[in-house]
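Here the sequence shown is numbered in this note's numbering, starting from 630 and rising by one per residue. C-beta atoms are modelled at their ideal positions from N, C-alpha and C, and glycine is treated no differently. Computed from a prediction, not measured in an experiment: that's the story for all the values here. Here is the structure we will look at.
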Amino acid sequence: MCQCSDHNANSAVDLTRVWRTDDVQKPAPVKPGATVLYRPDILETIEQKIKELDPELRELSLDIHAHPELGYEEYYAHDAYTAFMTKHGFAVDKQYKIPTAWRATYEVGTGGRTIGVNSEMDALKGIGHACGHNLIGISGVAVAIAIRAALEKHKLSGKIVLLGTPAEEGGSGKVVLLGKGAYEGLDACLMCHPAPGPIGSVSLSSCLALERITVEYRGHTAHAALSPWEGKNALDAAVLGYNNISALRQQLRPTHRVHGIIEGKDWAPNIIPDFARFICYVRAPTVKEKDETVKRVLPCFEAAALATGCTLEIKETGLSTADLRQNKALGEEVANIVLNKYGAIDYTWGIHSASTDFGNITYELPSLHPGFAIPTVFDGGNHTPQFTQAAATIEAHNACLDVTKALAATGVRVLIDDEFFARVKQTFEEDKAIRNV
């Protein structure tokens, strides 16, 4: 277990204190004096508001969990969230730029900065909320309402923009919203995501950039026994493309991922298939590395077509997603709050080997996307039926609310602390200078 230095009421929090993958127990909590926190009175207001909201948030989370919807079909969630935000006094734009997206805004005072927050809504085919978007959704709601409460009580100025973002699972809803201008005018943006990990920990790991590629092979049908020489087997082409990628993996870095499935239509054992589709995902730690790996993957498809005499069409969706560029200043503030009040910080767990469309947002403006650990069974991580069950537990709910408090307090500081916001912008520009090196 990683050891940390002693703390006292006037010491700075050790931000290098992390969970490691071989940790077997929860470390003793660090509770330095309140003087290390920025505006503990504001955090207290946030905690009180979220405690007040807790029963409503729990009810909303379970309601969304019980009504899973696929990407761009989140009509129930759209209506549930917009009704909730309207009830709590926000100005709500329904069907905002996308039929199932929405926006809730609230402004206190005049001339302040604008903080963005995201709530995801979609579920997974067949297994429901197996990525915990019901928790992400209520976290965004709670962050927005808690920030408003802090601004009003302490007579501060600022604007809150909460976006309900559809289709994170495969549909790149935030990329679409970004292209439609939904993130314009935001000074920073915040959200969170559940994942397995040591209970009580919040993760500031990144994730993998992702390219989605669809390859369609076309050949010629023939009787598979009577005259197979007349055919050109599109299924063989897809299988060869799959096998070519398997051979390529030995020469790929262990941090890179290439995986996919083969689909067809009207297949029969006695007919040589004239059509097959290979849906492939390519992932790597950065956009630059992902693009380099895609260049190595494409010839695998082309060689398969050449070997079988088939033609191919390679389709890239244009909705590729980027790695998470966690803003350093925002991350340090969340870490400071979590270490003081709620648990541990790690840079290993979270969604480090998954992907999210929020990565594209982090490339465009200062943003933060921490993970938070929820209890799961062995081999029951994201995108499993077991994680669906975990996302409905009270333990997961409570973990969600803890990271939500840290995010809300960080959001308030973005709005009111000029020196801190300058640091947020500075670290964003510093990262921009190195992200493609």
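Asked, Found
"Check for me: the alpha helix (DSSP H) holding His888 runs from which residue to which?", "Careful: His888 lies outside any alpha helix (DSSP H), inside the beta strand (DSSP E) at 886 to 892."
"Checking 8 Å against the spacing of the C-beta atoms, do Leu815 and Leu994 come in under that value?", "yes"
"Please report the straight-line C-alpha distance between Leu941 and Gly802, rounded to a whole angstrom.", "28 Å"
"Would Cys821 and Phe1001 be called neighbours here (beta carbons separated by less than 8 Å)?", "yes"
"If you draw a straight line from the C-alpha of Asn969 to the C-alpha of Ser832, how long is it?", "15 Å"
"Tell me whether Asp1031 sits in a helix, a strand or coil according to DSSP, three-state version.", "helix"
"For Met630, count the other beta carbons within 10 Å of its own beta carbon; 16 or more makes it buried, fewer makes it exposed. Which is it?", "Annotation note: pLDDT 30 at Met630 (below 50); position unreliable, no value reported."
"Enumerate in chain order the residues of its own chain whose CB-to-CB distance from Lys1054 is below 8 Å, with the five nearest sequence positions on each side excluded.", "Pro995"
"Is Val844 helix, strand or coil by DSSP?", "strand"
"Does DSSP put Asp722 in a helix, a strand or coil?", "strand"
"What does a CB cutoff of less than 7 Å around Glu736 pick up in its chain, not counting 5 residues either side in sequence?", "Lys788"
"Does the distance from the C-beta atom of Glu1110 to that of His758 stay below 8 Å?", "Here the chain has residues from 630 to 1066 only, and residue 1110 is not among them."
"Where does Phe1057 land, buried or exposed, given buried means 16+ other C-beta within 10 angstroms?", "buried"
"Looking at the structure shown, is Arg732 part of a helix, part of a strand, or coil, going by DSSP?", "strand"
"How big is the Cα-Cα spacing for Glu798 and Asp986?", "9 Å"
"Apart from the five residues on each side of it in sequence, which residues of its chain come closer than 7 Å, Cβ to Cβ, to Asp1071?", "Past the edges of the chain, shown from 630 to 1066, lies residue 1071, and the structure says nothing about it."
"Whole angstroms is fine: what's the gap from Thr1039's alpha carbon to Thr977's?", "22 Å"
"Going by DSSP, what residue range makes up the beta strand (DSSP E) through Cys909?", "904 to 913"
"Under a three-way DSSP split, which group does Gly814 fall into?", "coil"
"Verify whether the separation of the beta carbon atoms of Cys929 and Ile874 is less than 8 Å.", "yes"
"Assuming Thr937 is part of the alpha helix (DSSP H), what are its boundary residues?", "916 to 937"
"Would you be able to state if there are at least three C-beta pairs under 8 Å between the segment 1005 to 1018 and the segment 856 to 869?", "no"
"Kindly indicate which three-state DSSP category Pro1014 falls into: helix, strand or coil?", "helix"
"Measure the C-alpha to C-alpha separation of Ala1037 and Arg777 and round it to an integer number of angstroms.", "9 Å"
"Can you grab the Cα-Cα spacing for the pair Lys919 / Lys957, in whole Å?", "23 Å"
"By Cβ distance below 6 Å, which residues in the same chain neighbour Ile767 in space, the five residues on each side in sequence not counted?", "Leu686, Leu689, Ser690"
"Within its chain, find whatever has a CB closer than 8 Å to the CB of Asp692; leave out the 5 residues flanking it on each side and keep chain order.", "Ala709"
"Compare the beta carbon distance of Ser786 and Gly740 with 8 Å and say whether it is the shorter of the two.", "yes"
"With distances taken from CA atoms, which of Tyr910, Asn1027, His852, Ile828 is nearest Thr843?", "Tyr910"
"Enumerate in chain order the residues of its own chain whose CB-to-CB distance from Asn872 is below 6 Å, with the five nearest sequence positions on each side excluded.", "none"
"Determine whether the beta carbon atoms of Glu945 and Glu840 lie at a separation below 8 Å.", "yes"
"Please confirm whether Val772 has its beta-carbon closer than 8 Å to some beta-carbon of chain D.", "The chain inventory of the structure shown lacks chain D, comprising one protein chain alone."
"Got a sec, what are the start and stop residues for the alpha helix (DSSP H) Leu864 sits in?", "863 to 877"
"By Cβ distance below 6 Å, which residues in the same chain neighbour Ala951 in space, the five residues on each side in sequence not counted?", "Ala838, Val916, Gly988, Asn989, Tyr992"
"Helix or strand or just coil, what does DSSP make of Asp1008?", "coil"
"Please return the same chain residues whose Cβ sits closer than 8 Å to the Cβ of Val967, not counting the five positions on each side in sequence.", "Val831, Ala973, Ile974, Asp1031, Val1032, Ala1035"
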